[in-house]
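Data first, discussion second: the structure below is written as structure tokens.
Numbering (this note's numbering), first residue to last: 0 to 186.
Put into structure tokens, the structure is as follows:
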């Protein structure tokens, strides 16, 4: 499904040959440490190879040198790495907001910032195609329907402000219900 440079693709994000795929990362930025976990972070790190975790570690070590030994990546601040064994050229790692008890305007803004800041990073690095996963909707508990609404609205607004900056933005979904949410938003 294609809509003004926006599309939905249901399947494995690690198979997409785009300029960048987006990884919903944790604040340590080193991949998931739960063996065989089916989260997107674990899948991307597994298929990219050990080089990805090493690259993330180098960047986090540099941040800890700059900001202190307890540094963790803030929500909505993207980090760029090569994609190594993936067909994509780059991986953009981003920490999404975590819904602890209830959804708040601050969490909604943080999710919108994840999408806008990722697109800003694409623009700054000459990346013309990007595939977003469903940021924060899994173990971070952001409601999928509302997350899709925020994602599509934010991306459309960004693209209006930056005409021609992106050739293609893909909303990658895994579950049927997420596909339906994005289809509703892109009608």
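Glycine residues also receive a C-beta, built at the ideal position from the N, C-alpha and C atoms.
- Residue 104 sits away from residue 141, with the two beta carbons spaced by 8 Å or more.
- Along the region 53–85, the beta strand (DSSP E) occurs as fully enclosed runs of 3 or more residues at 78–81, listed in sequence order.
- Of the residues 111, 144, 86 and 101, the one whose Cα lies closest to the Cα of residue 128 is 86.
- Non-local beta-carbon contacts of residue 148 in its own chain, meaning distances under 8 Å to residues more than five positions away in sequence, involve 180 and 184 in chain order.
- The straight-line gap separating the alpha-carbon atoms of residue 106 and residue 154 is approximately 17 Å.
- Rounded to the nearest angstrom, the gap between the Cα atoms of residue 82 and residue 102 is 33 Å.
- Close CB contacts of residue 4 within its chain, under the 8 Å cut and outside five residues either way in sequence, are with 158, 165, 166, 167 and 168 (chain order).
- Annotation: residue 25 to residue 186 spans about 32 Å, alpha carbon to alpha carbon.
- With respect to the 8 Å criterion, residue 49 and residue 22 are not classified as neighbours on the basis of their beta carbons.
- Under the DSSP definition of a beta bridge, residue 21 partners with 91.
- For the set 99, 84, 120 and 124, the Cα lying nearest the Cα of residue 93 is the one of 120.
- No Cβ-Cβ contact shorter than 8 Å links residue 16 with residue 91.
- With contacts defined by Cβ atoms closer than 8 Å, residue 12 and residue 178 do not form a contacting pair.
- Taking C-beta atoms as the reference points, residue 58 and residue 173 fail to come closer than 8 Å.
- In the three-state DSSP reduction, residue 97 falls in the coil class, being neither helix nor strand.
- Residue pairing by DSSP places residue 167 opposite 128 in a beta bridge.
- Around the Cβ of residue 125, a 10 Å sphere holds fewer than 16 other Cβ atoms; the residue is exposed.
- Under the three-state reduction of DSSP, residue 15 is assigned to coil, being neither helix nor strand.
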